[in-house]
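Enquirer: Read top to bottom, the protein sequences are chains G and S.
Going by numbering that gives the first Met the number 0, the first sequence opens with residue 0, and the numbers climb by one from there.
Going by numbering that gives the first Met the number 0, the second sequence opens with residue 0, and the numbers climb by one from there.
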Amino acid sequence: MKVPSSVRQRLRDNRVLFWVLTAALLFITATYYVVLQGRDLDRDVVNNRVLLFFLRNVDAVLILALLFVLVRNLVKLWLERRQRVLGSKFKTKLVATYVLLALLPVLLLFAYANGLVQGSLDRLFRIPEDSLLEPGNRVAQALTTELQDRHRLDARLVLETIAGIDLADPNQRPALSRVLERQRAALGADLLAVYEDTEFVHALLDPASGVARLPELSQTLLLETLREGVAQQVHALPGRAERWIVAAVASPPANGARRTVVVAGSVLGAELARDTQSLVEAYQAQRQVLVQESDFRAASVLLLLMITLVILLTTIWVGLVLARRVTVPIGALAEGTRRIMSGDLDHRVEAPADDELGVLVDSFNRMTDDLQQNRAEIERSQGDLLVSNRQLDAERRLMGAVLQNVAAGVVSVDQDGTVLTCNSVALDMLGLEPQGLIGKGLVSAVEETALRGLFAGALAAPSTTRDEVRFTVDGDWKTFEVKSTPMLTEDAGVVGRVIVIEDLTELIQAQKLATWNEAARRVAHEIKNPLTPIKLSAERLLRKYRANDPSLGSALETAVGTIVREVDNMKAMVDEFARFARMPQPRPTGVDLRRLVDETVHLYRDIKPGLEVSASLEAAGDGHASLDPEQIRGALINLLDNAVEATQAPGQIRVSAQRLDNHLRIRVADTGPGIPADARDKLFMPYFSTKGRGTGLGLAIVHRIVSDHHGTIRVEDNVPHGAVFTIELPQ
Amino acid sequence: MIAALLAVCWVAPLHAADSRPAIRDLQIRRSDSQIRVSFQLVEAFDDEVRQRIESGLPTGFVFEAKLEKKRRWWFNDAVLRSRIEAVAMYNAVTREYLVNTKQDGRLIDSRVFTSLGDAQKAMSRVHDIAVFHLDALPRGRLTVLVRAELGSRTLLSLFPTTVHTNWAESEPFRLVAGRDDES
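1) Against chain G, with Cβ distances strictly below 9 Å, would V92 of chain S count as a contact?
2) Examine the Cβ distances between the segment 36-49 of chain S and the segment 120-127 of chain S and report whether three or more of them are shorter than 8 Å.
3) Confirm the yes/no value for this check: CB of L142 of chain G, any heavy atom of the ligand ADP, distance under 8 Å.
4) Fully enclosed by the segment 51-103 of chain G, which alpha helix (DSSP H) runs are 4 residues long or longer?
5) Going by CA-CA distance only, name the one from S:R23, S:F44, S:D31 and S:Q26 that's closest to L149 of chain S.
6) Report all residues from its chain with a CB closer than 6 Å to the CB of H709 of chain G; omit the five preceding and five following residues, and keep chain order.
7) Using a 10 Å radius around the Cβ and a threshold of 16 neighbouring Cβ atoms, would you call L4 of chain S buried or exposed?
8) Is the separation between the beta-carbon of E467 of chain G and that of S706 of chain G shorter than 9 Å?
9) Does DSSP classify T93 of chain S as helix, strand or coil?
10) Looking at chain G, is there any beta carbon in it that lies within less than 9 Å of the beta carbon of Q50 of chain S?
11) Going by DSSP, what residue range makes up the beta strand (DSSP E) through H662 of chain G?
12) What does Q218 of chain G touch in chain S if you count any residue whose Cβ is under 7 Å from its own?
13) With a cut-off of 8 Å on the beta carbons, I'd call I34 of chain S and L56 of chain S a contact; round off their distance for me.
14) Please return the same chain residues whose Cβ sits closer than 7 Å to the Cβ of S211 of chain S, not counting the five positions on each side in sequence.
15) Can you name, in chain order, every residue of its own chain whose Cβ lies under 6 Å from the Cβ of A281 of chain G, other than the five neighbours on each side?
16) Counting only beta-carbon separations shorter than 9 Å, does R80 of chain S have a partner in chain G?
17) Within the same chain, show all residues whose beta-carbon is closer than 6 Å to that of T58 of chain S, passing over the 5 residues directly before and after it, in chain order.
18) Kindly list, in the order they appear in chain G, the residues whose Cβ is closer than 9 Å to that of T113 of chain S.
19) Under the assumption that I500 of chain G contacts F479 of chain G (Cβ atoms under 8 Å), give the Cβ distance between them as a whole number of angstroms.
20) I need the straight-line Cα distance from Q403 of chain G to E394 of chain G, nearest angstrom please.
21) Can you tell which of G:V358, G:L356 and G:D369 has the C-alpha that lies nearest to the C-alpha of H346 of chain G?
22) L156 of chain G to A162 of chain G, Cα distance in whole Å?
23) For A425 of chain G, which beta-bridge partners are listed by DSSP?
24) Cβ of L592 of chain G within 9 Å of Cβ of G633 of chain G?
25) I'd like to know if T275 of chain G contacts chain S, where contact means its C-beta is closer than 9 Å to some C-beta of that chain.
26) Just to confirm, is the Cβ distance from V193 of chain G to L204 of chain G under 9 Å?
27) Report the CB separation of A645 of chain G from G671 of chain G in whole angstroms; it is logged as a contact under 8 Å.
28) So, is Y686 of chain G buried or exposed, given that buried needs 16 or more other C-beta atoms within 10 angstroms?
29) Since Q231 of chain G contacts Q147 of chain G with CB under 8 Å, what's their CB separation in whole angstroms?
30) For W18 of chain G, I'd like the list of residues in its chain whose CB is within less than 7 Å of its CB, leaving aside the five on either flank, ordered along the chain.
31) Got a sec: is the Cβ-Cβ distance from M0 of chain G to anything in chain S below 9 Å?
32) Kindly list the residues whose CB is nearer than 6 Å to the CB of V78 of chain S, restricted to its own chain and excluding five residues on each side of it in sequence; keep chain order.
33) Three-state secondary structure (DSSP) at A676 of chain G?
34) List the endpoints of the continuous alpha helix (DSSP H) containing K120 of chain S.
35) Which residue comes first and which comes last in the alpha helix (DSSP H) that contains T417 of chain G?
36) Quick one: Cα of H163 of chain S to Cα of E223 of chain G, how far?
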């Protein structure tokens, strides 16, 4: 888990604070210990006080720390809620739950444990009724008291006995000694000593007492005796267990004379002294404990409180840390969501979490990455789209300019025939305004009947169509070629059609003029050709006549024959012209195309040896067609004549008829030399021939018949050689 | 009724003050470069203190004395301080009370008593002890204050407090070179 630097810094600060507080507390405690050591206090008392001092300070620090943690977090929560920080409500609930969960059991545990401890202390400080410590102490003290009382009486008796002896006189010391010896023996005392004021006079020690030396009676005893008249003392022997029990009695003061002090005492045996000392010390120890009861109770409470506070502080702190570990990532996620919503996709959530919240944070950041990448792609696509749009717009403008400037009329329609675009040339050709055509059906928008029918057929055709139509525009006949091409797209297929309307009037006129020029040239040529033999024949006859040539007769016969023949040729040529000129309009009737084709082909089956002429009619369906049978037959004959003439044996001529959706297709294919490419454009013009003879009207008549049937004819190369003429007739 | 309450509130503390520990009979005497004090601690021995002494635990008082220079418009200036400790230890076997007296940590007196009364007197009376040694004579009006630290108590079994008597203050005086005086 990656820990943020701020958290690490805070942990370091907390550790430093902890050690500083601990060091300060230990220093203060040690100072307090040193201060107490300077006093004449018992070691246990010092230790007890130091322990209490330490516990109190630790508790105070813990209480302050607990209050600080609680108050600090409560204030922070309050501020966060007031500032409507995201996640503050959740954090408040979590912290409250943790604190309550920590407080309730710990406080209950403290109360219960304190009760137990105080109960134990009650039992400890309650002196049992059958305790022997106090009676034992009383016995020990009574023993001492009794001995002291007895020795006090002994001392008083001795004082009375020696009242007549002058203690200041050294000569009476033997008498004093004898009296003391008698009294000691009579009283059973181990010690009798006599003082004048505090000055030692004489003393007698029982040798059977086991003590070899006189006790060093303190001045305090003598002074108190002189002051109070009587005093007692328990004198311990250095290094030994035995004790002296002594009592002293002083004579009454009398006019400033020195007073006599008699001390009587006995030695308490070692065993008895130890026993009584043990009894007294045990009782004293019990009293000391009782005296310090409040301290013990305070120490126990403080110790319990310290443990409780440590647990409480730890649990609350851990709870707060856990709450923070939960709420910090959630808050960061909420803040991240807000930033993302505001469009800041560069924002990333950085929250210390390695559990499910960490997974959530990682997922959030990955989602943000994806969003950022998608936005970049969208922006890039938008840029590309903008460039494409600009290019398309430029292309559209260019296309528009091209369309507006081409000589042909261009109309685009959708699959329903509704006009999408239309250039001005088309509008001029159709005599319409833009608003009268765009968005409307092409067929319905056009008024010209012929054009309407042509458009209807073109729009219905599945493939490209090419038609010519003539109608009057402003009173003038015009010829238009209408080419309809499907608009194909790669994905949607056919989406409409493009109709190109081209005004062929001038072209046709030019072609007609050229045709007529050619026709005039050919007619002149054809007429000139017979004239030459006629002229030569006439000149020959004239020469023979002038020369009276005997062969004039035969020559005349030959010349007349030549003239007649050439005139016949000229007549035939004129008839041909007349027939081409008089070709009637077709009269379509119901015809069996299969039969028509089969009969026509049958005429050529054996026309040339080695030439195979056949018909293929399987694809013609039922063969029913609507056309002028004579004209179509004539057209087929023209094509078959040309094919037969062009095809050398061995060769093949194949005629096929095929029915398509809405038209018929008739093909005449040969295996001849084919049509040169440069001759194809003029192949269907009148008086054009590749053979160098004939009228050149055959293919022109075929083209005229097909055109009159609203059909088309075209020539292509056959494979591997030859030519194919294809006639397509609408049905 | 209010007057009665006020009277009770006024009289009760006075009565209580008479039974509380206090420093009495504070007297000072200047001798050469020393200031000697005498005083008496009264009402300090209650049953708790006596039982503590009789139990054999070291028990005593700490007397704090300070020499202050009087200032009219500000707090007095503490010139010197001194501590006198009197601690009694009872030996139940020998039935003797040892009373040690220390001044600023230095033992100045140690006596043995066979009665508790004598030991109490020795603990509660300070007689003519030189508490301040003057290197230079402070100028201005001086005063000696004494109070006794009676021990520590615990509030609510938790909060430690030190129990003191009130400060007993001597009559203000001035020090003059070469003169011993007694007040």
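Don't be surprised by glycine CBs; every beta carbon is placed ideally from N, CA and C.
Expert: Put simply:
1) yes
2) yes
3) Absence of the ligand ADP is noted for the structure shown, with no ligands found whatsoever.
4) none
5) S:F44
6) P729
7) Legend: pLDDT at L4 of chain S = 44, less than 50; position of this residue unreliable, no value from coordinates given.
8) yes
9) coil
10) Residue contact with chain G for Q50 of chain S: present (Cβ-Cβ distance below 9 Å to some residue of chain G).
11) H662 to D669
12) Chain S residues near Q218 of chain G: none, gap ~10 Å exceeds 7 Å.
13) The pair is not a contact, with the Cβ atoms about 33 Å apart (cut-off 8 Å).
14) The requested residue 211 of chain S is not part of the displayed model; chain S covers only 0 to 182.
15) Contacts found: L132.
16) Chain G has no Cβ within less than 9 Å of the Cβ of R80 of chain S.
17) Excluding residues within five positions, the ones whose Cβ falls inside 6 Å are R51, I52 and A87.
18) T219, L220, E223, A230, Q231 and Q232
19) 5 Å
20) Distance between the alpha carbons of Q403 of chain G and E394 of chain G is about 14 Å.
21) For H346 of chain G, the nearest C-alpha among the options comes from G:D369.
22) 10 Å
23) Paired residues: none, contrary to the question.
24) no
25) yes
26) no
27) 4 Å
28) buried
29) 4 Å
30) none
31) For M0 of chain G, the predicted model reports a pLDDT of 47, less than 50, meaning its position is unreliable and no value from the coordinates is stated.
32) L66, K68 and P137
33) In this structure, DSSP gives A676 of chain G a helical state, which the three-state scheme calls helix.
34) Per DSSP, the continuous alpha helix (DSSP H) segment holding K120 of chain S begins and ends at L115 to S123.
35) Premise fails: T417 of chain G is in no alpha helix (DSSP H) and is neither H nor E.
36) 34 Å
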